[in-house]
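Novice:
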Amino acid sequence: MKTISFYKTSSGKCPVEGYLDSLTDNQVTKIAWVLKLVRELDVVPSKYFKKLINTEDIWEIRVDAGKDTFRLLGFFHGKELIILTNSFQKKSQKTPANEIRLAEKRKKDFLSRR
């Protein structure tokens, strides 16, 4: 079973947690359900979890909640620990480049503090 943690800044702020706090209970419930799948399944369907190509090993958790689409980006630290760095509501086909860059920046920051 994998472990999922949220990235924290050097000052202790948790961007993903802050974002989730802004969502409705139904949206958070669906996100929590998908996170549970990612955590518990050995092979997660790509509908919910996939590696983004042309990135520095950034993975995307994909959540459809009604007509809303959410993405949580992160990376593996070791084989079983996933660190989620940022989250957003997806409004276009492609994952925004600025969100990928933010995930890569936070990954570097996380690893530099270990």
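To convert, count from 1 in the sequence shown and add 5; that's the working numbering. Beta carbons are placed, not taken as given, at the ideal position from N, Cα and C, and that holds for glycine.
Measure from the alpha carbon of T100 to the alpha carbon of each residue in V39, K35, L77, then state which is nearest.
Specialist: Position 95 of the sequence shown, counted from the first residue, corresponds to residue 100. Of V39, K35, L77, the residue nearest in Cα terms is L77.
Novice: Have a look at G83, F93, E61, L86 and flag the residue whose alpha-carbon is nearest the alpha-carbon of T74.
Specialist: Taking the first residue of the sequence shown as 1, we reach residue 74 at position 69. Nearest option by C-alpha distance: F93.
Novice: Suppose you measure from the CA of I105 to the CA of M6; what does that come to, to the nearest Å?
Specialist: Against the sequence shown, residue 105 aligns to sequence position 100. Against the sequence shown, residue 6 aligns to sequence position 1. Near 26 Å, if we compare the C-alpha coordinates of M6 and I105.
Novice: Could you give the C-beta distance for Y12 and I88, rounded to a whole number, given that I count them as a contact under 8 Å?
Specialist: Here residue 12 is taken as the residue at index 7 of the sequence shown, counted from 1. Here residue 88 is taken as the residue at index 83 of the sequence shown, counted from 1. Yes, they are in contact, since the Cβ atoms of Y12 and I88 sit about 5 Å apart, within 8 Å.
Novice: So for I87, helix, strand or coil by DSSP?
Specialist: The count along the sequence shown starts at 1 and reaches residue 87 at position 82. Here I87 sits in strand by DSSP.
Novice: Indicate the three-state DSSP secondary structure (helix, strand or coil) for S15 in the structure shown.
Specialist: Counting from 1 along the sequence shown, the entry for residue 15 is found at position 10. Coil, per DSSP.
Novice: Using a beta-carbon distance below 8 Å, is G71 in contact with chain B?
Specialist: Chain labels in this structure do not include chain B; a single protein chain is all it has.
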